[in-house]
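Counting with the working numbering, you get residues 133 to 201 for the letters of the sequence shown.
Here the structure comes first, spelled out in structure tokens, and everything after it is commentary.
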Amino acid sequence: MFDFTVRARSGHWVLQDAEAGDLGAYETHQEALAAASDWVRLIEMPWPILVCDEDGEWRQTIVEPTRPH
Numbered sequence: 133m134f135d136f137t138v139r140a141r142s143g144h145w146v147l148q149d150a151e152a153g154d155l156g157a158y159e160t161h162q163e164a165l166a167a168a169s170d171w172v173r174l175i176e177m178p179w180p181i182l183v184c185d186e187d188g189e190w191r192q193t194i195v196e197p198t199r200p201h
């Protein structure tokens, strides 16, 4: 199952999975969470995401799956 992290790194926000590694780098925090939402669509349920900001502070957020168009 997915174990996602979004973390600030070198001026970008990186979406990572514990098993697959880096899944992409994004300009903004919101873009990284939107990308996580696309992945969460595969499991069709809200999913917790760990977020590490530029100061090294951790928090958890819940991401809803992207709705099909």
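Don't be surprised by glycine CBs; every beta carbon is placed ideally from N, CA and C.
The model shown is predicted, which means the values in this text are computed figures rather than measured ones.
| message | Counting C-beta neighbours from all protein chains within 10 Å, is the total for residue 168 16 or more, i.e. buried, or is it exposed? | response | That one is buried.
| field | Inter-residue spacing [alpha-carbon to alpha-carbon] between residue 137 and residue 191 | value | Taking the CA atoms as reference points, residue 137 sits about 10 Å from residue 191.
| request: Report all residues from its chain with a CB closer than 6 Å to the CB of residue 198; omit the five preceding and five following residues, and keep chain order. | output: Within the same chain, residue 198 has close Cβ partners 169, 170, 173.
| query | CB-CB under 8 Å to residue 159, same chain, minus the five flanking residues each way: which ones, in chain order? | reply | Cβ within range, chain order: 144, 145.
| Taking Cβ positions, are residue 140 and residue 186 nearer each other than 7 Å? | Result yes, Cβ atoms of residue 140 and residue 186 sit closer than 7 Å.
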